[in-house]
Amino acid sequence: MSIQKLADNLYIAPQLTEADVQEAAKLGIQTVICNRPDGEEENQVTFKQVKSWLEAAGIREHHHQPVVAPAINAADVAAFQNLLKSVPQPVLAYCRTGTRCSLLWGYHQVQNVASVAEVVAAAQQAGVNLSNFEARLQDAQQNGLA
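Numbering (this note's numbering), first residue to last: 39 to 184.
Below is the structure:
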């Protein structure tokens with residue numbers, strides 16, 4: 039999976055490579071958000087390295103908001119939404135597979151404007167399978183996210 043459009047002005051991707059950063063620049067990406075903790079895997083590219091690639095490609099807005107999928111909470115979702123509202127668009131969010139980025143977006147969607155099925159379908163179209171998180175998305179829709 040490379041860079042995929044998840045929603046208006048929001049793209050997602052797995053761990054970025056230097057080639058991905060060049061693709062992001064060609065797509066007109068203005069902001070990049072990393073939702074992956076550094077050191078998650080051996081030989082993983084650090085956010086600091088990705089930042090240097092982004093700056094070299096002319097993408098000056100970048101943020102590190104690391105999260106772990108099973109532990110995503112309401113504060114994480116709110117922080118992601120605040121970033122999306124306050125940074126230049128379009129935005130590219132990345133993590134190891136794109137799942138965490140999709141969940142941060144999806145939890146907000148099910149609590150405000152979308153059904154779980156719509157969120158799962160949008161993620162699927164962008165190459166991310168959220169079926170393991172449907173029950174949690176449903177719970178978040180009905181009861182909010184802790």
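Using N, Cα and C, we set each Cβ at its ideal position, and we do this for glycine too. Remember, predicted model here, so these are calculated numbers, not experimental data.
query	result
Per DSSP, what are the beta-bridge partners of Glu99 in this structure?	Thr69
Could you name the residues that DSSP lists as bridge partners for Leu54?	According to DSSP, Leu54 bridges with nothing at all.
Would you mind stating whether Gln42 and Ala161 have Cβ atoms separated by less than 7 Å?	no
Roughly how many angstroms separate the alpha carbons of Leu44 and Ile50, rounded to a whole number?	6 Å
To which residues does DSSP link Ala45 through a beta bridge?	Leu48
Quick check on the burial criterion: 16 or more other C-beta atoms within 10 angstroms. Buried or exposed for Arg98?	exposed
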